[in-house]
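Enquirer: In our numbering, the protein residues as written are 997 to 1266.
(1) Just to check my reading of the structure: residue 1199 and residue 1246 have Cβ atoms closer than 8 Å, yes? What is that Cβ distance to the nearest angstrom?
(2) Only counting runs of 4 or more residues, tell me where the alpha helix (DSSP H) segments fall wholly within the region 1136–1166, in order along the chain.
(3) Compare the Cα-Cα distances from residue 1143 to each of 1185, 1176, 1250, 1256 and report the closest residue.
(4) Relative to the C-alpha of residue 1196, which residue among 1174, 1237, 1128 is closest?
(5) Rounded to the nearest angstrom, how far is the Cβ of residue 1058 from that of residue 1028, given a contact under 8 Å?
(6) Ignoring anything shorter than 4 residues or poking outside the region 1176–1215, list the alpha helix (DSSP H) runs there in chain order.
(7) Please report the straight-line C-alpha distance between residue 1155 and residue 1105, rounded to a whole angstrom.
(8) Taking 6 Å as the limit between beta carbons, can you name the residues of its chain near residue 1101, skipping five residues before and five after?
(9) On the premise that residue 1050 lies in contact with residue 1034, defined as a C-beta separation below 8 Å, what is that separation, rounded to the nearest angstrom?
(10) Looking at chain C, is there any beta carbon in it that lies within less than 8 Å of the beta carbon of residue 1222?
(11) Give the C-beta separation of residue 1109 and residue 1135 to the nearest angstrom, bearing in mind that I take them to be a contact with Cβ-Cβ under 8 Å.
(12) From what residue to what residue does the beta strand (DSSP E) around residue 1037 run?
(13) Mapping the DSSP letters down to three states, classify residue 1268 as helix, strand or coil.
(14) Between which two residues does the alpha helix (DSSP H) harbouring residue 1319 extend?
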């Protein structure tokens, strides 16, 4: 009769068998649904299911099934806290997104965002750095976009290897617009802002000036700005600019819109 029922379930060192830990679904706990990959913070409960909200404000309900969620990459079973949860104050990142606590930065994905130069990269990091680390997206500075079409071909974009490019002075009829027109991959999105340099995308009020100086044609723009504002070196001016940027409220709307489109594009699920 022993063979009829197979192996004795109590045989062996059954006490060492791995047990999925149970975790209270506290407000703002960030977890991932193991089946769908949806990642979000706990915001409440409905009809026996936990409600998760992602960084874009999208909400979905998930049943509280055993081992149905991932916390820091490890399976867990969520349970409703025995006490009524008290909603925590929602902290915001510099970009205005809902901040998520106790979550590690993801391993970098194959997708990338390119920007023109180290100043652009530093400004993007100042405002969107928290969001990009959670998404696992790396921002890389370019040394100009004159060879953008060749650089894109070398990158080899695809369904799981998307590329977003942020371009300065992207206005109709400009040299930049003609260069961008040569890029036609469906896995590449190029956006931009109308400002001559990313410096100009910072609101003058953040720097305590009424407006950016008008630089005569033919003179390097940054040097002209420094001369008009009485600053000796562009490096000194840039340090001052970056120190006055604390959030998305300190930069112009075209830059915000362009970056949000790029982040959505490169993090889109294939």
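Cβ atoms here follow ideal geometry from the backbone N, Cα and C, with glycine treated the same way.
Expert: Judging by the given coordinates:
(1) Residue 1199 to residue 1246, Cβ: 6 Å. Contact.
(2) With a minimum length of 4 residues, the continuous alpha helix (DSSP H) runs that stay inside the region 1136–1166 are 1144–1151.
(3) Taking only the C-alpha atoms, the option nearest residue 1143 is 1176.
(4) Selected option, being the one with the closest Cα: 1237.
(5) About 10 Å; that fails the 8 Å criterion.
(6) You should have 1200–1203.
(7) Between the alpha carbons of residue 1155 and residue 1105 lies a gap of roughly 12 Å.
(8) In this predicted model, residue 1101 has a pLDDT of only 48, less than 50, meaning its place in the structure is not dependable; the value taken from the coordinates is given anyway. If the five residues before and after residue 1101 are omitted, its C-beta is found closer than 6 Å to the C-beta atoms of 1129, all from its own chain and listed in chain order.
(9) The pair is a contact, with the Cβ atoms about 7 Å apart (cut-off 8 Å).
(10) Of the protein chains in the structure, only one exists, and it is not chain C.
(11) For residue 1109 against residue 1135, the beta-carbon gap comes to about 5 Å, under 8 Å, which counts as contact.
(12) Per DSSP, residue 1037 belongs to the beta strand (DSSP E) from 1035–1042.
(13) Outside the modelled stretch of the chain, which goes from 997 to 1266, sits residue 1268, for which no answer is possible.
(14) This structure cannot settle anything about residue 1319, because the visible part of the chain is limited to 997 through 1266.
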